[in-house]
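**Q** Handing you a structure now.
There are 2 protein chains.
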Amino acid sequence: MTDDNATLILHALSGVPMVRQGDDLAEIILLALDRVGLRLDDGDIIAVAQKIVSKAEGRLIDLDTVTASPRAQELAVDADKDPRLMELILAESQDVLRIRKGAIIVRHNLGLVLANAGIDQSNVDHSDKTLALLLPLDPDASAQRLREVLRARSGADVAVVIIDSLGRAWRTGTMGTAIGVAGMPGMIDLRGLPDLHGRKLETSELGFADEVAAAASLVMGQADEGRPVVLVRGVGYNRREGTAAELIRPKHMDLFS
Amino acid sequence: MTDDNATLILHALSGVPMVRQGDDLAEIILLALDRVGLRLDDGDIIAVAQKIVSKAEGRLIDLDTVTASPRAQELAVDADKDPRLMELILAESQDVLRIRKGAIIVRHNLGLVLANAGIDQSNVDHSDKTLALLLPLDPDASAQRLREVLRARSGADVAVVIIDSLGRAWRTGTMGTAIGVAGMPGMIDLRGLPDLHGRKLETSELGFADEVAAAASLVMGQADEGRPVVLVRGVGYNRREGTAAELIRPKHMDLFS
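Taken in sequence, the protein lines are chains A and B.
1 is the number of the first residue of the first sequence in this note's numbering; add one for each residue after it.
1001 is the number of the first residue of the second sequence in this note's numbering; add one for each residue after it.
Next comes the structure, spelled out in structure tokens:
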């Protein structure tokens, strides 16, 4: 981050239509930008809600097509959840870390520690079916694909961050969190940089893409706002091929799960 | 958050001088705003780095004045820290949660779970002394005092958030985190609000002030930038007397420490 990055602007794009499987997200984003007279510039970051990425990728599951295993049925009682939803949670997860009424915290196959394996039943476009929306299979790859199409069509070297709202161990409330990143760092390593007094910094690693995700989440809204795309302009970053996986603490370094 | 809050602007204020004990932070902030031609409006949020609040409040300790207890000496060996620093960490903390070479995670007297009890040795204005900077004694009260003086002098109904960079349990990198809040919510409870399809939201609590803190942290910088004050404009919020304490998960609800 350099001195000319002292002003940051976030534009949440309204009027993004309901997204369905197979939709072209890049096209949807470019149209939404165009509608408000914005054009992508080099260094811009496009923040996208996980929900529309998952929907475009067909990650919506009809619970009637799911058969709960005996283990899912047992844990569903402990957590007070639909056994078919529990089956999906277990299939998406490496480990169950904590379970109690209303809550199950897992280590997702992607390495993320989160509630319900990130499976969502709100803001899911359902008719009379009971639907569940899973995380994208590989959100870093989803971000990379979206970045490439946005670059090709706009000519601008933009970064992409895919955002979900995740809980924290010791703090209340969810935070917008980066689950997919392309074209910018996930984590920034400051080790070796001097502070104002020339002393080596003790805080050596920044959760960069998570801070971008949290900022975008502020204007994205959670409830009935429907602004799943945010243009983030003015953040200085090194244009390297970072990932959201960089932000996941390796299991052997995890002191708390 | 309402529909007119779709654009968020953050201005990091440069040229803030080194802060010393007894300095008038409100005056420093208003001068820095004036220098770049900005005036406070109702609904603006002033984000302030914890370091300058602590310095103004005289929380800088000369380690030569500290005597390490036997327990501090013992834990200092385990964590590979200065025994006098360890004495301060223990005095600031309710519990030691995890300890290993180079790292000690505690539950601070304020309830925050963090490394080194939030005590900082970087960006501390020291001569030949070895100094440590403690968190403010009561950051919510510090935020409230600053808000009142800013309101009185500017006439604008502004909120204040005091920010520190905290680590997370399962993720790498620190995040700008709200340790003091005044004039806005810490946590926002969305329970009962409908989503786009009229379904009740499952994600019911937002870490609002932490998202503001993370956004401000992006432009504040960590290393040698020296921009400890950020004006956050365009976030919609309910102007209630919230606190950062709302963001601390009560010990009996904590599944992970």
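Beta carbons are placed, not taken as given, at the ideal position from N, Cα and C, and that holds for glycine.
Computed from a predicted model, the values in this text were never measured in an experiment.
Could you check which residue in A:L10, A:L40, A:V53 and A:D44 has the C-alpha nearest to that of P17 (chain A)?
**A** Taking the first sequence and counting its residues from 1, one reaches residue 17 (chain A) at position 17. Among A:L10, A:L40, A:V53 and A:D44, the Cα nearest to that of P17 (chain A) belongs to A:V53.
**Q** Looking at chain B, is there any beta carbon in it that lies within less than 8 Å of the beta carbon of S257 (chain A)?
**A** To locate residue 257 (chain A), count along the first sequence from 1; it is residue 257. Interface residue, yes.
**Q** How would you list, in chain order, the residues of chain B whose beta-carbon sits under 9 Å from the beta-carbon of T7 (chain A)?
**A** As a first step, residue 7 (chain A) is located in the first sequence; it is residue number 7 there, counting from the start. Residues of chain B passing the Cβ test: I1009, L1010, H1011, A1012 and V1219.
**Q** Check the DSSP bridge columns for T177 (chain A) and list the partner residues they point to.
**A** For the purposes of this step, residue 177 (chain A) is identified with residue 177 of the first sequence, where counting begins at 1. According to DSSP, T177 (chain A) bridges with A:D164.
**Q** Starting from the N-terminal side, write out each stretch of the beta strand (DSSP E) that is 3 residues or longer and does not extend beyond the stretch 1053–1087 of chain B.
**A** Listed in chain order, they are 1060–1062.
**Q** Under the rule that 16 or more other beta-carbon atoms within 10 Å means buried, what is T1177 (chain B), buried or exposed?
**A** Residue numbering aside, residue 1177 (chain B) sits at position 177 when the second sequence is read from its first letter. It counts as buried.
**Q** Between the stretch 1142–1174 of chain B and chain A, which residues of the former have a C-beta closer than 8 Å to a C-beta of the latter?
**A** For the stretch 1142–1174 of chain B, which is checked against every Cβ of chain A, the residues closer than 8 Å are S1165, R1168, A1169, W1170, R1171, T1172, G1173 and T1174.
**Q** Got a sec? Which residues, its chain only, sit under 7 Å from L1038 (chain B) by beta carbon, not counting five neighbours each side?
**A** Counting from 1 along the second sequence, the entry for residue 1038 (chain B) is found at position 38. Excluding sequence neighbours, L1038 (chain B) sits near H1011 and L1231.
**Q** Is the beta carbon of A1216 (chain B) sitting closer than 8 Å to the one on I1163 (chain B)?
**A** Along the second sequence, read from residue 1 onward, the residue named residue 1216 (chain B) stands at position 216. Along the second sequence, read from residue 1 onward, the residue named residue 1163 (chain B) stands at position 163. Yes, they are a contact pair.
**Q** Which residues of chain A have a Cβ atom closer than 7 Å to the Cβ of R1227 (chain B), listed in chain order?
**A** Mapped onto the second sequence, residue 1227 (chain B) falls at position 227. Per Cβ cutoff of 7 Å: A6.
**Q** I want to see whether chain B comes within less than 8 Å of A76 (chain A), judged by CB atoms only; does it?
**A** On the first sequence, position 76 is the one that residue 76 (chain A) refers to. It does not; no Cβ of chain B falls within 8 Å.
**Q** DSSP three-state label for V1019 (chain B), please.
**A** The residue given as residue 1019 (chain B) occupies position 19 in the second sequence. Three-state result, V1019 (chain B): coil.
**Q** Helix, strand or coil, according to DSSP, for Q1144 (chain B) in the structure here?
**A** Locating residue 1144 (chain B) in the second sequence gives position 144, counting from the first residue. Here Q1144 (chain B) sits in helix by DSSP.
**Q** To the nearest angstrom, report how far apart R100 (chain A) and G1155 (chain B) are at their CA atoms.
**A** As a working mapping, residue 100 (chain A) is identified with position 100 in the first sequence. As a working mapping, residue 1155 (chain B) is identified with position 155 in the second sequence. Distance between the alpha carbons of R100 (chain A) and G1155 (chain B): 49 Å.
**Q** Under a three-way DSSP split, which group does H1252 (chain B) fall into?
**A** In the second sequence, residue 1252 (chain B) corresponds to position 252, counting from 1. If DSSP states are grouped into helix, strand and coil, H1252 (chain B) belongs with the helices.
**Q** Can you give the Cα-Cα distance for E205 (chain A) and D189 (chain A), rounded to whole angstroms?
**A** Here residue 205 (chain A) corresponds to residue number 205 of the first sequence, with the count starting at 1. Here residue 189 (chain A) corresponds to residue number 189 of the first sequence, with the count starting at 1. The alpha-carbon atoms of E205 (chain A) and D189 (chain A) are separated by roughly 5 Å.
**Q** Please report how far the alpha carbon of G1183 (chain B) lies from the alpha carbon of V212 (chain A), in whole angstroms.
**A** Locating residue 1183 (chain B) in the second sequence gives position 183, where the first residue counts as 1. Locating residue 212 (chain A) in the first sequence gives position 212, where the first residue counts as 1. Approximately 24 Å, taken between the alpha carbons.
**Q** Output, in chain order, the set of chain A residues within a Cβ distance shorter than 9 Å of A1079 (chain B).
**A** As a first step, residue 1079 (chain B) must be located in the second sequence, where it is residue number 79. The premise fails here: A1079 (chain B) is roughly 13 Å from chain A at the closest Cβ pair, so nothing lies under 9 Å.
**Q** What's the C-alpha gap between A47 (chain A) and G1173 (chain B)?
**A** The residue you call residue 47 (chain A) lines up with position 47 of the first sequence. The residue you call residue 1173 (chain B) lines up with position 173 of the second sequence. Taking the straight line from one Cα to the other gives about 19 Å.
**Q** By Cβ distance, which residues of its chain are closer than 6 Å to A1072 (chain B), with the 5 residues on each side in sequence left out?
**A** In the second sequence, the residue the question calls residue 1072 (chain B) occupies position 72. So the qualifying residues of the chain are P1083, M1086, E1087 and L1090.
**Q** Since A169 (chain A) is in the beta strand (DSSP E), which residue starts that stretch and which ends it?
**A** As a first step, residue 169 (chain A) must be located in the first sequence, where it is residue number 169. First-last for A169 (chain A): undefined, no H or E at that position.
**Q** Specify, as a first and last residue, the run of the alpha helix (DSSP H) that A117 (chain A) falls within.
**A** Counting from 1 along the first sequence, the entry for residue 117 (chain A) is found at position 117. Premise fails: A117 (chain A) is in no alpha helix (DSSP H) and is neither H nor E.
**Q** Excluding the 5 residues preceding and the 5 following S142 (chain A) in the sequence, name in chain order all residues of the same chain whose CB lies nearer than 8 Å to its CB.
**A** The residue you call residue 142 (chain A) lines up with position 142 of the first sequence. So the qualifying residues of the chain are V53, E57, P136, I162 and G180.
**Q** Looking at the structure shown, is E1246 (chain B) part of a helix, part of a strand, or coil, going by DSSP?
**A** As a first step, residue 1246 (chain B) is located in the second sequence; it is residue number 246 there, counting from the start. Reduced to three states, the DSSP call for E1246 (chain B) is helix.
**Q** Given this structure, state the Cα-to-Cα distance separating L146 (chain A) from L166 (chain A), to the nearest angstrom.
**A** Indexing the first sequence from 1 puts residue 146 (chain A) at position 146. Indexing the first sequence from 1 puts residue 166 (chain A) at position 166. Whole-angstrom Cα-Cα distance: 22 Å.
**Q** DSSP three-state call for L1010 (chain B): helix, strand or coil?
**A** The sequence position of residue 1010 (chain B) within the second sequence is 10, counting from 1. Strand, per DSSP.
**Q** Going by alpha carbons, who is nearest to G1015 (chain B) out of B:T1243, B:G1234, B:R1227 and B:L1218?
**A** Counting from 1 along the second sequence, the entry for residue 1015 (chain B) is found at position 15. Cα-wise, what sits closest to G1015 (chain B) is B:R1227.
**Q** Assuming contact is defined by CB atoms lying nearer than 8 Å, are V1229 (chain B) and I1045 (chain B) in contact in what I supplied?
**A** By 1-based counting over the second sequence, the position of residue 1229 (chain B) is 229. By 1-based counting over the second sequence, the position of residue 1045 (chain B) is 45. The answer is no: Cβ separation not under 8 Å.
**Q** In its own chain, which residues sit with a C-beta less than 8 Å from the C-beta of G22 (chain A), not counting the 5 before and 5 after it?
**A** Within the first sequence, numbered from 1, the residue matching residue 22 (chain A) stands at position 22. A56 and G58, listed in sequence order.
**Q** How would you label I1105 (chain B), buried or exposed, when you count the other beta carbons within 10 angstroms and need 16 or more for buried?
**A** Counting from one through the second sequence, the residue named residue 1105 (chain B) turns up at place 105. The residue in question, I1105 (chain B), is buried, as its Cβ has 16 or more Cβ neighbours within 10 Å.
**Q** Report the option in A:D80, A:L25 and A:R171 whose CA atom is closest to the CA atom of N116 (chain A).
**A** For this step, residue 116 (chain A) is matched to residue 116 along the first sequence. Nearest C-alpha to N116 (chain A): A:D80.
**Q** So, with DSSP's three-state summary, where would you put E1241 (chain B)?
**A** Position 241 of the second sequence, counted from the start, is the residue given in the question as residue 1241 (chain B). If DSSP states are grouped into helix, strand and coil, E1241 (chain B) belongs with coil.
**Q** How far does the alpha helix (DSSP H) with L1112 (chain B) in it extend, from its first residue to its last?
**A** The residue you call residue 1112 (chain B) lines up with position 112 of the second sequence. Premise fails: L1112 (chain B) is in no alpha helix (DSSP H) and is neither H nor E.
**Q** Contact check, R1168 (chain B) vs R168 (chain A) under 8 Å by CB: the rounded distance?
**A** For the purposes of this step, residue 1168 (chain B) is taken as the residue at position 168 of the second sequence. For the purposes of this step, residue 168 (chain A) is taken as the residue at position 168 of the first sequence. Yes, R1168 (chain B) and R168 (chain A) are in contact; Cβ-Cβ is about 7 Å, under 8 Å.
**Q** Which value, in whole angstroms, describes the spacing of the CA atoms of A26 (chain A) and R239 (chain A)?
**A** The residue labelled residue 26 (chain A) in the question sits at position 26 within the first sequence. The residue labelled residue 239 (chain A) in the question sits at position 239 within the first sequence. Taking the straight line from one Cα to the other gives about 20 Å.
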